[in-house]
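Protein sequence lines correspond, in order, to chains A and B. Just so it is clear: in the first sequence, position 85 is 85 by the working numbering, and no numbers are missing. For any residue, its number in the working numbering is found by taking its place in the second sequence, counting from 1, and adding 1000. Glycine is no exception: its CB is placed at the ideal position from the N, C-alpha and C atoms. Note that this is a predicted model, so its numbers are computed, not measured. Please read the structure below before turning to the comments.
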Amino acid sequence: MQVQNTLELPVAQKNWLDRVRYYLPTLLVAVAVLLLWEGLVRVLNIQQFLLPRPSAIFAELMAELRLVGAGESLLFEAAGATLWEAVGGFVLGSTAGLLVALVTARWTIVNEALMPFAIAANSVPIIAFAPIMNNWFGLTNPASKMAIVSIIVFFPVMINTVRGLTMVEPTQLELMQSYAARPFKILFGLRIPNALPYIFSALRVASSLSVIGAVVGEFFGGPRATLGVFITQEAAGFNFARAWAAIIMAALIGISFYLLVLFAERRLMPWHNSMRETA
Amino acid sequence: MAVETPRRVVISARNLNKTFNPSNSDVVIALQNVNLDIVQGEFISLIGPSGCGKSTLLRLIADLTQPSHGDLTVNGKNPHQARLDRDYGMVFQAATLYDWRSVLKNVQLPLEIMGYPASERDRRAREMLELVELGKFAHHYPWQLSGGMQQRVSIARALAFEPSILLMDEPFGALDEFTRERMNMELLRIWEQTGITVIFVTHSIPEAVFLSSRVVVMSPRPGRITQVVDNDVPYPRVFETRETPRFFEKVTEVRELLRDAHLIDEATI
């Protein structure tokens, strides 16, 4: 969950030199941490099952990368399968969240009846349902992971969308009234654009949650070629560098997914607050 | 000499009353027995301390709230019909521009709702932006403009569909004194150019006297009209108008009326 706080991209920089200057401290910290890690493991002679060296993890990643061409890399196959589960669940869950929000925001009574449940459900550890979903859809069926991911994603997207659709400034609504605008126009001309920042902030959270949901869902069982199973299997076989390599893959998937959503947000909402410094 | 044609009554209020929370203990009489006729082409200011019902009166005309009893007609129709017919343009205290629309698209909003064809929308919106001297900023976004410029966009938007009435609810209240005086001049120029009827809510005495042909002085608890002051300071009013003795006298007259209303109010509490 820390991901979305630390990975806020800065406002579009003026040129590449500014860009380098901006990212340099972050890069230096990353390099320093890796060096420190490598050094400590070597100097203190830490056992590899406690903490493998970054270089060992990196070597595992490179070895797997060389197998990709031949289609023999279990790690990359697993990453692909987990990504598919996460993206599938994300799309299903957020689409459902958006649609339910549109309907509930339209009918106040439905909204008032459903929102308390949605907010309660949102604070429940939904991942606890993963074994149930595995039973429902089958342990090796990607649908079981997509199901748990879509339930996890559904609630924040729905709640935030309802908020965005309903929390419209009263004078902005009165402006529409003064033009005798139809409800349809008020929805598409005012409520939905007003909701976009809320929706995107939910989608950003959802993008991280979906990878977490898929991997943790796999911990409860799944096909061999999924990151969650890969991690548990390799850890059980004391191949900790390989387990760590899979963790790195999961992290990369989560970060890329998050950045993709962020990129979409910037493209679709050039007017948004976080971009105003460019004026 | 030309024969003066009698001008059309645009807004007519008869024994207009508005009560909030009528069945409640915290009942508020926002307006009591308001009678007012406004004719075409007038510039009317509604002025008074907060709670005098000046904004309520404007919102009744706009059909954004409904009277408790009494009669109100806008262009000879009930206010609801007038709103459906898009008889008025409204300018709020905040510019209420939509962040996701460029300046040009903001001005086009009412035209879009009213189903004007795209080419006509574009032509009119650009014409209105020229009128408020913001032609160069058509493709800017609202947050790239100053407060005064944003309010000019909102005036352009209110005028874009050529309504016969312009309703303004403390439109310059949030602006600094210099910007406000400049905006006043600009508004007068637009009024003279278009011949539109303006109803303007303000709590600034000089602003009311500078702009309007008649000043409606109101007082609170219950909200009512104290007096309507004819303002014969000659048009066109220019920067120097504010320094003339006639302007000064009118400001004093309105100020004294407001003070009397206030004293009566204090005495009854």
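A/Gly93 sits close to A/Ser150, with the two beta carbons spaced by under 8 Å. Annotation: the continuous beta strand (DSSP E) that includes B/Arg1224 extends over Arg1224 to Asp1230.
Remark: C-beta atoms of A/Leu34 and A/Pro52 do not approach each other more closely than 8 Å. The C-beta of A/Ala180 comes closer than 8 Å to at least one C-beta of chain B. By the Cβ-count criterion, B/Leu1159 is buried, with 16 or more other Cβ atoms from all chains shown falling within 10 Å of its own Cβ. Only residues of its own chain outside the window of five on either side were considered, and among them Ala1030, Leu1031, Cys1052 and Gly1053 have a CB closer than 6 Å to the CB of B/Gly1223, listed in chain order. The C-beta of A/Thr171 comes closer than 8 Å to at least one C-beta of chain B.
For A/Asn111, the three-state secondary structure derived from DSSP is helix.
Taking C-alpha positions only, B/Asn1015 is separated from B/Ser1204 by approximately 27 Å.
Taken in chain order, the whole alpha helix (DSSP H) runs of length 4 or more contained in the stretch 1159–1224 of chain B are 1177–1194 and 1205–1211. A/Ile186 places its beta carbon 8 Å or farther from that of A/Ile152. Taking 8 Å as the threshold, the shortest C-beta distance from A/Pro193 to chain B falls below it.
DSSP, reduced to helix, strand and coil, places B/Ile1011 within a strand of the structure shown. Chain A places a beta carbon closer than 8 Å to that of B/Met1090, counting this residue as a contact.
Neighbours of A/Glu174 in chain B, taken as residues at a C-beta separation under 9 Å, are given in chain order as Arg1059, Ala1062, Leu1064, Met1090, Phe1092 and Thr1096. Within chain A, the C-beta atoms nearer than 8 Å to that of B/Arg1086 come from Tyr179 and Ala180, in chain order.
Of all alpha-carbon atoms in B/Ser1119, B/Tyr1088, B/Trp1100 and B/Arg1059, the one lying nearest the alpha-carbon of A/Pro270 is that of B/Trp1100.
Neighbours of B/Tyr1116 in chain A, taken as residues at a C-beta separation under 7 Å, are lacking, since the least C-beta distance is about 12 Å.
DSSP links B/Met1090 through a beta bridge to B/Leu1167.
The three-state reading of DSSP puts B/Asp1071 in strand, counting E and B together. Within the same chain, and ignoring the five residues on either side of A/Asn122 in sequence, the residues whose Cβ sits closer than 8 Å to its Cβ are Phe155, Pro156 and Ile159. What B/Asp1099 touches in chain A, judged by beta-carbon distance under 7 Å, is Trp271, going in chain order.
Residues of the stretch 134–166 of chain A with a C-beta less than 9 Å from any C-beta of chain B: none at all.
A/Ala181 sits in coil when the DSSP states are folded into three classes, being neither helix nor strand.
For B/Thr1241, the secondary structure class from DSSP, reduced to helix, strand or coil, is helix.
Residue environment for B/Ser1023: exposed (fewer than 16 other C-beta atoms within 10 angstroms of its C-beta).
Taking CB atoms only, B/Arg1152 has no neighbour in chain A less than 8 Å away.
Residues of the stretch 1122–1151 of chain B whose Cβ lies closer than 7 Å to any Cβ of chain A, in chain order: Tyr1141, Trp1143 and Gln1144. Within the stretch 1165–1188 of chain B, contact with chain A at the beta-carbon level (separation under 7 Å) is assigned to no residue. Contact between the stretch 1067–1080 of chain B and the stretch 1244–1254 of chain B is absent, with fewer than three C-beta pairs closer than 8 Å. Counting only the Cα atoms, B/Ile1225 lies some 16 Å from B/Asp1071.
For the 8 Å CB-CB criterion, A/Ala202 and A/Thr82 do not form a contact. For the set B/Glu1162, B/Pro1110, B/Leu1175 and B/Lys1136, the Cα lying nearest the Cα of B/Gln1151 is the one of B/Leu1175.
Counting the other CB atoms within 10 Å of its CB gives A/Val103 a total below 16, which places it among the exposed residues.
A direct Cα-Cα distance of roughly 15 Å separates B/Ser1025 from B/Arg1221. Counting only the Cα atoms, A/Leu209 lies some 20 Å from A/Arg163.
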